[in-house]
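Below is one structure; the comments refer to it alone.
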Amino acid sequence: MKDVLYSLFADYRTQIVFLHVMSAVVWVGGMIAMRFAAHHSIQMLETAPLKLQRTAHALKRLFAIVSPFVVILIITAVIMAVGLGFRAAAVDADGKVIDEVAMHLYQLIHVKEVIWMIMSINLGAMILRRNKAQKFLDKNDFSGAKSQIELIGRYMVPLNIILGIIAIYLGVTLRNGY
Ligand code: HEM
1 MKDVLYSLFA DYRTQIVFLH VMSAVVWVGG MIAMRFAAHH SIQMLETAPL
51 KLQRTAHALK RLFAIVSPFV VILIITAVIM AVGLGFRAAA VDADGKVIDE
101 VAMHLYQLIH VKEVIWMIMS INLGAMILRR NKAQKFLDKN DFSGAKSQIE
151 LIGRYMVPLN IILGIIAIYL GVTLRNGY
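Just so we're aligned, residue 1 is where the sequence shown starts under the numbering used here, counting upward by one.
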């Protein structure tokens with residue numbers, strides 16, 4: 001398996017890094033556009049039900065667009081993490097540290113993995129909340145829908161934006177670290 005990932009990365013290095021960066025652009029950029037452009041525009045609508053309906057619809061579109069890129073991001077991440085040989089440079093066959101700087105970079109890989117995991121769980125939770133909100137909207141229960149949607153805009157999307165920006169910064173650190 002490791003050998004397959006090595007040769008995959010050797011043969012398609014540019015395309016794999018491109019797909020990784022594009023996925024980050026779509027996921028993080030999509031959330032920023034939603035939170036700081038679409039959200040404010042939707043708030044200018046006349047009635048609360050209209051705002052909730054437009055928000056639920058825009059979130060549905062956003063989540064459908066970003067979901068495939070979340071998967072592409074982790075696939076390309078695994079190929080890069082193995083293909084660039086971070087573990088091999090950091091520890092020997094017995095797991096003993098052979099290079100402190102390489103070990104530091106290898107640890108950053110794990111930090112990025114945790115960030116991706118938290119962002120994905122948060123995204124899954126947002127999708128579930130949005131679906132619940134849609135059910136409330138279909139029954140004209142606007143306060144129920146608001147209770148589901150409010151948290152998404154106030155905390156959940158901003159959390160993923162912050163984590164995404166940290167992951168991008170760590171990506172640049174990794175790129176310049178070897
Ligand atoms: C599973 C977790 C992840 C791993 C193992 C990982 C691994 C890497 C590695 C090894 C690089 C350097 C590529 C190179 O040197 O050519 C990189 C770059 C990058 N990563 Fe990740 N990544 C992960 C998750 C993420 C996430 C969640 C984001 C953002 C949402 C992200 C955004 C980026 C960006 C924008 C770059 C390019 C930096 C540059 O070109 O200077 N990564 N990543």
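Ideal Cβ positions, reconstructed from N, Cα and C, are used throughout, including at glycine.
Element boundaries [alpha helix (DSSP H), containing N160]: Along the sequence shown, one-based indexing puts residue 160 at 160. N160 -> alpha helix (DSSP H) spans V157 to R175.
So N122 is in the alpha helix (DSSP H); what residue range does that whole segment cover? Counting from one through the sequence shown, the residue named residue 122 turns up at place 122. Counting along the chain, the alpha helix (DSSP H) containing N122 begins and ends at E100 to D138.
Can at least three beta-carbon pairs, one atom from the stretch 67-81 and one from the stretch 3-14, be found at a separation below 8 Å? Flag = yes, the stretch 67-81 and the stretch 3-14 touch.
What does the Cβ neighbour count give for L73, buried or exposed, with the cut at 16 atoms within 10 Å? What you label residue 73 is simply residue 73 of the sequence shown in a count that begins at 1. L73 is classed as buried because its beta carbon has at least 16 other beta carbons within 10 Å across all chains shown.
Assigned exposure category for V111 - 16 Cβ within 10 Å defines buried: Residue 111 sits at position 111 when you count from the first residue of the sequence shown. Counting the other CB atoms within 10 Å of its CB gives V111 a total below 16, which places it among the exposed residues.
What residues are listed by DSSP as bridge partners for V82? For the purposes of this step, residue 82 is identified with residue 82 of the sequence shown, where counting begins at 1. For V82, which the question treats as bridged, DSSP gives no partner whatsoever.
Check whether the Cβ of R154 sits closer than 6 Å to any heavy atom of the ligand HEM, and report yes or no. For the purposes of this step, residue 154 is taken as the residue at position 154 of the sequence shown. Not a single heavy atom of the ligand HEM lies less than 6 Å from the C-beta of R154.
What residue ranges within the stretch 8-49 form continuous alpha helix (DSSP H) runs of no fewer than 4 residues, ordered along the chain? If we require 4 residues or more, the alpha helix (DSSP H) runs fully inside the stretch 8-49 come out as 39-42.
Can you have a look at L62 and say buried or exposed, based on whether 16 or more other CB atoms are within 10 angstroms of its CB? For this step, residue 62 is matched to residue 62 along the sequence shown. Buried, by the Cβ-count rule.
Measuring from the CB of M103, is there a heavy atom of the ligand HEM at a distance below 6 Å? In the sequence shown, the residue the question calls residue 103 occupies position 103. If you check the C-beta of M103 against the ligand HEM, you find no heavy atom less than 6 Å away.
Chain C within 7 Å of R35, Cβ atoms only: Considering every chain present, this structure includes no chain C. It has just one protein chain.
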